[in-house]
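Undergrad: Input: one structure, supplied below.
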């Protein structure tokens, strides 16, 4: 009985993907037009050799690493600003009344709506331009990190992290704060030993959601002028070359990396914050 249960547990998530691949392969063979729908084997051959050069647009692994670097810069910048700001807004009612109406105006704006302004502000400037680097070992890498792309990713990640940080601090039981004050805790001690630990599960949820949004914004950011590398660039450039197999391989790569990041955050939540679920 246990063996049958384990077999069912492992096989159930596999059934739908396998069924999808079979339908895809049959449709591709029937259609016989690789520009419209390539075969499964054609796409898998690209995924199986991630270091192979793809028609002058770099390898899959190189473009993925550049995309990850862009996301990391935009995402970490958003986290470093949004978390402290969220803690202060959540703790201070006066700051909440002052800042939240202003931030609420910008929160519903989709990251892509910023594109015209971002291009006007930053153009095709890169980290290399900002740092005054005109050549050398790291020039090519830094030149591919456009400020406009970083900003779009930053905006995508900022608001989910901010709102969850604010909610986490506000959701800390007031009795804990009052008890700390009664015991003579300073404002700093209340912040570090009561509010932050209590708000941490909500912050991690915000970081998880923010990373997902940042990763989704990536492809759009890499379609901006000046991009010469990255998964988004690989997909758009492959489309102009009618290489649909590369397009689909790039899409699968985006899904796999995004799924892996979400899986890691889920594991962190399950391991470190299981007590919160039990409390609920």
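Residue numbers (UniProt numbering): 1 to 280. Just so you know, even glycine gets a beta-carbon here, dropped at the ideal spot from N, CA and C. Note that the structure is a prediction, hence the values are computed from the model and not measured.
Between residue 215 and the rest of its own chain, which residues show a CB-CB distance below 8 angstroms, the 5 nearest in sequence each way excluded?
TA: Result list for residue 215: 71, 254, 257, 258, 261, in chain order.
Undergrad: Using the Cα positions of residue 265 and residue 132, report the straight-line distance between them to the nearest angstrom.
TA: When rounded, the distance between both Cα atoms is 37 angstroms.
Undergrad: Would you call the segment 92 to 103 in contact with the segment 176 to 187, where contact means no fewer than 3 C-beta pairs closer than 8 angstroms?
TA: Contact between the segment 92 to 103 and the segment 176 to 187 is absent, because fewer than three Cβ pairs lie under 8 angstroms.
Undergrad: Judging by CA-CA distance, which residue of 272, 232, 213 is the nearest neighbour of residue 155?
TA: Checking every option, the nearest Cα to that of residue 155 belongs to 213.
Undergrad: Kindly indicate which residue of 244, 141, 229 has the alpha-carbon position closest to the one of residue 59.
TA: It is 229.
Undergrad: Going by DSSP in three states, residue 278 sits in which element: helix, strand or coil?
TA: With a pLDDT of only 45 at residue 278, under the threshold of 50, the placement of this residue in the model should not be trusted; the figure read from the coordinates follows. Helix.
Undergrad: Are the CB atoms of residue 210 and residue 252 nearer to each other than 7 angstroms?
TA: In this structure, residue 252 does not lie closer than 7 angstroms to residue 210 by Cβ.
Undergrad: Is it buried or exposed, residue 203, if we count other Cβ atoms within 10 angstroms and call 16 or more buried?
TA: Buried: at least 16 other Cβ atoms inside 10 Å.
Undergrad: Does the Cβ of residue 152 have 16 or more other Cβ atoms within 10 Å, making it buried, or fewer, making it exposed?
TA: Label assigned to residue 152: buried.
Undergrad: Okay, do the segment 241 to 252 and the segment 66 to 84 touch, 3+ Cβ pairs below 8 angstroms being the bar?
TA: Short answer: they don't touch.
Undergrad: In whole angstroms, what is the alpha-carbon distance linking residue 167 and residue 271?
TA: So the two alpha carbons sit approximately 22 angstroms from each other.
Undergrad: Sorted by chain position, which residues of the same chain lie with C-beta nearer than 7 angstroms to residue 223's C-beta, five sequence neighbours on each side aside?
TA: Same-chain partners within the cutoff: 232, 236.
Undergrad: Measure the CB-CB distance between residue 126 and residue 146 and report whether it falls below 7 angstroms.
TA: Yes, the pair counts as a contact, with Cβ atoms nearer than the cut-off.
Undergrad: In three-state terms, what does DSSP make of residue 202?
TA: Helix.
Undergrad: According to DSSP, what are the bridge partners of residue 53?
TA: Paired residues: 59.
Undergrad: Sorted by chain position, which residues of the same chain lie with C-beta nearer than 7 angstroms to residue 95's C-beta, five sequence neighbours on each side aside?
TA: If we look at residue 95 and ignore the five residues flanking it on each side, its Cβ neighbours are 88, 89.
Undergrad: Around the Cβ of residue 143, are there at least 16 other Cβ atoms within 10 angstroms (buried) or fewer (exposed)?
TA: The residue is buried, with at least 16 neighbouring Cβ atoms inside 10 Å.
Undergrad: Helix, strand or coil: how does DSSP classify residue 146 here?
TA: Three-state result, residue 146: strand.
Undergrad: Note down the Cα distance separating residue 56 from residue 120, rounded to an integer number of angstroms.
TA: C-alpha separation (whole angstroms): 30 angstroms.
Undergrad: Give me the DSSP bridge partner(s) of residue 126.
TA: DSSP output for residue 126 lists 146 as bridge partner(s).
Undergrad: I think residue 217 touches residue 111, with their Cβ atoms under 8 angstroms apart; what is that distance to the nearest whole Å?
TA: Confirmed, about 5 angstroms.
Undergrad: If we call anything under 7 angstroms between Cβ atoms a contact, is residue 28 one with residue 37?
TA: Yes; because the gap between Cβ atoms is below 7 angstroms, this pair is in contact.
Undergrad: Could you check the C-alpha separation between residue 128 and residue 139 for me, to the nearest Å?
TA: Each residue's Cα considered, the two are about 6 angstroms apart.
Undergrad: So, with DSSP's three-state summary, where would you put residue 173?
TA: Looking at residue 173 - three-state DSSP - the assignment turns out to be coil, as it is neither helix nor strand.
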